[in-house]
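Trainee: Residue numbers for the sequence shown follow the numbering used here, so the first one is 237 and each next one is one higher.
Dropping a structure here in structure tokens format, bear with me for questions.
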Amino acid sequence: MDIRKIKNLIFDFGGVLVELDKARCLEAFNRLGFAEAEKLIDAYSQQGLFGQLEEGTISPEAFCNEVRRLTNCRASDNAMWEAWNSFLVTIPTWKLEALIELKKHFPLYLLSNTNEPHWQKAVTSLFPYNGWQAEDYFDRIFLSYELHQVKPAADIFRTVMAETGVRPEETLFIDDAEANCATARSLGFHTYQPQPGEDWRPLFDGILNNQEA
């Protein structure tokens with residue numbers, strides 16, 4: 237792939253931008269009495285009630301009520317969201333600075349399987365930096381819970397294409413899940429799958445200033 241031929245960038249959120257701590261999240265749910273969460277939470281895609289939350293087919297309030305109905309968890313809504321949001325750790329400063337620099341050269345888009353509690357935490361606590369807010373880094377933001385579509389289904393990629401006009405052959409999709417990258421490739425996108433904790437800035441050598449993490 238010649239980065240000079242790329243005209244658009246689409247970033248995933250979890251694992252690519254925000255660092256995740258699944259173990260911390262599961263421990264928090266265990267303390268609340270929701271041990272069943274371990275069977276449903278994954279670094280790449282969510283199952284059961286968590287999957288419904290990311291697809292936007294269940295409201296946060298209904299989610300909490302259903303958890304209390306199905307399990308021994310009797311925690312408040314706020315306690316559950318604190319446990320769930322403990323999955324998200326931080327967006328390192330070098331990534332935010334990289335996005336700011338890349339936006340000078342490319343249209344940037346975010347395409348994420350996420351849910352309302354996680355996104356609200358990201359907006360209020362993770363993306364703000366030197367006056368920049370979440371919406372400032374990207375030309376458009378596409379969130380599964382708002383679209384009622386989730387990766388790796390092709391429909392969510394087609395939604396991005398239809399609403400932005402990007403051409404797959406001119407677009408690089410960066411996602412840490414192979415299944416998501418596979419769908420993107422089948423539609424003609426260039427893809428890159430960073431490994432956990434990887435510094436992906438070398439992809440853009442000659443475009444990004446060399447910044448220390």
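Glycine included, C-beta positions come from ideal geometry on N, C-alpha and C.
Select from 316, 294, 296, 239 the residue whose C-alpha is nearest the C-alpha of residue 273.
Mentor: The shortest Cα separation from residue 273 among 316, 294, 296, 239 belongs to 316.
Trainee: Beta-carbon separation of residue 377 and residue 344 under 7 Å?
Mentor: No, the Cβ-Cβ distance between residue 377 and residue 344 is not below 7 Å.
Trainee: Evaluate the contact criterion for the region 255-267 versus the region 354-371: three or more CB pairs, one atom per stretch, below 8 Å.
Mentor: Not touching, per the Cβ criterion.
Trainee: Can you tell me the Cα-Cα spacing of residue 310 and residue 289, whole angstroms?
Mentor: Near 19 Å, if we compare the C-alpha coordinates of residue 289 and residue 310.
Trainee: Considering residue 244, what are the terminal residues of the beta strand (DSSP E) in which it resides?
Mentor: Unbroken beta strand (DSSP E) run through residue 244: 244-247.
Trainee: For residue 400, tell me which candidate among 385, 247, 375 has the shortest Cα-Cα distance.
Mentor: The shortest C-alpha separation from residue 400 is found at 375.
Trainee: Looking at the secondary structure, which residues open and close the alpha helix (DSSP H) in which residue 444 lies?
Mentor: It is not in any alpha helix (DSSP H) - residue 444 carries neither H nor E in the DSSP assignment.
Trainee: Where residue 402 and residue 369 are concerned, what is the direct C-alpha to C-alpha distance, given to the nearest angstrom?
Mentor: The straight-line gap from Cα to Cα measures roughly 24 Å.
Trainee: Taking residue 373 as part of the alpha helix (DSSP H), name the residues at either end of that continuous run.
Mentor: Element bounds for residue 373: 370-373.
Trainee: On the criterion of 16 or more Cβ atoms from any shown chain inside 10 Å, does residue 324 qualify as buried, or is it exposed?
Mentor: Answer is buried; the Cβ neighbour count reaches 16.
Trainee: For residue 394, does the count of other Cβ atoms within 10 angstroms reach 16, so buried, or fall short, so exposed?
Mentor: Flag for residue 394 reads exposed.
Trainee: Suppose you measure from the CA of residue 248 to the CA of residue 336; what does that come to, to the nearest Å?
Mentor: Their Cα atoms are separated by approximately 16 Å.
Trainee: On the CB-based measure, 16 or more other CB atoms within 10 Å of its CB, does residue 240 come out buried or exposed?
Mentor: Classification of residue 240: exposed, given that the 10 Å Cβ count is below 16.
Trainee: Could you check how far apart the C-beta atoms of residue 386 and residue 349 are, in whole angstroms? I think they sit under 8 Å.
Mentor: Right, the Cβ-Cβ distance comes to about 5 Å (below 8 Å), so this counts as a contact.
Trainee: Could you round the C-beta distance between residue 429 and residue 411 to whole angstroms and report it? I think they count as a contact, below 8 Å.
Mentor: Confirmed, about 6 Å.
Trainee: Tell me the rounded alpha-carbon separation between residue 259 and residue 299.
Mentor: About 21 Å.
Trainee: What's the C-alpha gap between residue 255 and residue 334?
Mentor: Taking the straight line joining both Cα atoms gives about 15 Å.
Trainee: If we ignore side chains and look at the alpha-carbon of each, how far apart do residue 307 and residue 275 end up?
Mentor: Each residue's Cα considered, the two are about 13 Å apart.
Trainee: Run the CB neighbour count on residue 329, radius 10 Å, all protein chains shown included, and call it buried at 16 or more, exposed below.
Mentor: With fewer than 16 Cβ atoms within 10 Å of its Cβ, residue 329 is classed as exposed.
Trainee: From this set, 390, 431, 443, which residue's C-alpha is nearest residue 421's C-alpha?
Mentor: The shortest C-alpha separation from residue 421 is found at 390.
Trainee: Starting from the C-beta of residue 252, find all residues in its chain whose C-beta is less than 7 Å away, skip the five residues before and the five after it, and write them out in chain order.
Mentor: Excluding sequence neighbours, residue 252 sits near 410, 411, 412, 430.
Trainee: The alpha helix (DSSP H) with residue 422 in it runs from where to where?
Mentor: It spans 414-422 - the alpha helix (DSSP H) in which residue 422 sits, taken as one unbroken run.
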